[in-house]
Amino acid sequence: MTSKIAVVAVGGNSLITDEKHRTVHDQYLAACESMKHIANMIQNGWEVIVTHGNGPQVGFILRRSELSRHELHEVPLDACGADTQGAIGYMFQKALHNEFRKRGIKKEVATVVTQTLVDKNDPAFQSPSKPIGSFMDEATAQTQRTKDGWHVVEDAGRGWRRVVASPLPKQIIERATIESLIKVGATVIAVGGGGIPVVENEQGELLGVEAVIDKDYASALLANSIQAGLFVISTAVEKVALNYNKPDQKWLERITLAEARHYMAEGHFAKGSMGPKVQAIIWFLERGGSQALITNPENIARALAGETGTWIVP
Ligand code: ADP
Ligand code: MG
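Under the numbering used here, the first residue of the sequence shown is numbered 104, with each subsequent residue one higher.
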């Protein structure tokens, strides 16, 4: 029997609905909406681990850090990851606590600051590609390159940006803790932003690195390593499409792993958005996962009832 443990990866839109609503309070209100759907799953008997992105929130910290450079120390990227896991985890904890209280659900919610092990020889470190932080002019970019060893690239006429590596996740360091929290009945928030990327040195010690791990890849790895019975990627679309946004667009309802691989190879899933989600699910199923779903937060319940969403199965 497959387990009743679900890993639900929630996307950026679960916290920042639009550019005009990005204060901490606005993010909390958005979190309350998203967590209602998680509470529904829990009421339907699922034990849930929520994972989430942190791109905009890391961007805000880096910008603050940059503006106060003349007065305060800067915040390294791994610490930004930890800060956002804590802050976002707190929002979800509070939102879920209040939602549970309303519904008479007796459950606690805990956030695990999560480190994700990456390989220090991952080829991604040779070609950093993930843009982070604000745009800079060329002079600033060159100064950062020589002074701090940043990798900087020009972004299609919009200015210069720092890029970091996006290595593959190898192991969720706090896996056993996450699992034991679920076993005692807690709802868990973990692997925020894909986890804080760490490498192991020759002595076996962990060192934080300046990189960003794809949250969907890390969530898939977590789902496999705790043998979750369900992996949900909650994003801005109700279903995945072939020929997305084209006249011959076709929504997918239920596809097999082989079909997913085939459509992926045909280029139906955009690089930086739907591509990594479908890839994460392909890996999840290849490593023994039993079922995965992509839909938007408001349709999770209907999708679990078999009425909508895109299901991907072995
Ligand atoms: P998240 O913040 O949840 O990670 P992303 O914006 O990275 O979300 O990815 C989800 C987006 O991918 C959708 O909102 C949609 O615009 C886009 N997308 C790209 N290709 C497809 C496709 N084939 N089917 C559906 N959505 C797609
Ligand atoms: Mg994304």
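From the three backbone atoms N, C-alpha and C, an ideal C-beta is built for every residue, glycine too.
Predicted model, so just to flag it, every value in this text is computed and none were measured.
Checklist entry - Would the C-beta of V340 count as close to ligand 1, meaning under 8 Å from any of its heavy atoms? => result yes
- Residues near S230 in its chain [Cβ-Cβ closer than 8 Å; skip 5 each side]: A268
According to DSSP, is A198 helix, strand or coil? helix
Rounded to whole angstroms, how far is the Cβ of I316 from the Cβ of G298, which I believe are closer than 8 Å?
6 Å
> Would a C-beta distance cut-off of 9 Å place V340 and M377 closer than the cut-off?
Replying inline: For V340 and M377, yes; Cβs fall inside 9 Å.
Open item on the list: Within the continuous alpha helix (DSSP H) that includes R166, where are the two ends?
Closed with: G158 to L170
Practice item. Consider the C-beta atom of N143 and the heavy atoms of ligand 1; say whether any pair is separated by less than 8 Å. Key: N143: no, Cβ never under 8 Å from ligand 1.
G148 burial status per 10 Å Cβ neighbour count (16 or more: buried):
exposed
Consider the C-beta atom of D319 and the heavy atoms of ligand 1; say whether any pair is separated by less than 8 Å.
yes
Closest to P379 by C-alpha separation, out of R390, S393 and I397, would be which residue?
I397
According to DSSP, is H176 part of a helix, a strand, or is it coil? coil
Put R265 into one of helix, strand or coil per three-state DSSP.
strand
Open item on the list: By alpha-carbon positions, which one of E313, T413 and S328 ends up nearest to I235?
Closed with: E313
Original post:
At what residues does the beta strand (DSSP E) containing K233 begin and finish?
Top reply: Element bounds for K233: K233 to M239.
So does G307 have its beta carbon nearer than 8 Å to some heavy atom of ligand 4? This structure lacks ligand 4; the ligands present are ligand 1 and ligand 2.
Between the C-alpha atoms of K233 and S117, what's the straight-line distance to the nearest angstrom?
21 Å
Review point. Under 8 Å from any heavy atom of ligand 1, does the C-beta of G115 make it?
Key: yes
### Query
So who's on the other strand from H124, going by DSSP bridges?
Paired residues: none, contrary to the question.
Those runs of the beta strand (DSSP E) which lie wholly inside the stretch 275-341 and span at least 3 residues: 290-292, 299-303, 309-311 and 333-337
- How about L199 and A227: are their beta carbons less than 9 Å apart? Contact flag unset, no.
So does V215 have its beta carbon nearer than 8 Å to some heavy atom of ligand 1? no
Q) Does the Cβ of N346 have 16 or more other Cβ atoms within 10 Å, making it buried, or fewer, making it exposed? A) Counting every other CB atom within 10 Å of its CB across the protein chains shown gives N346 a total below 16, marking it as exposed.
Next item on the list: Look at H155 and K349 and say whether their C-beta atoms are less than 9 Å apart.
Entry: Against a cut-off of 9 Å, the Cβ pair of K349 and H155 comes out as no contact.
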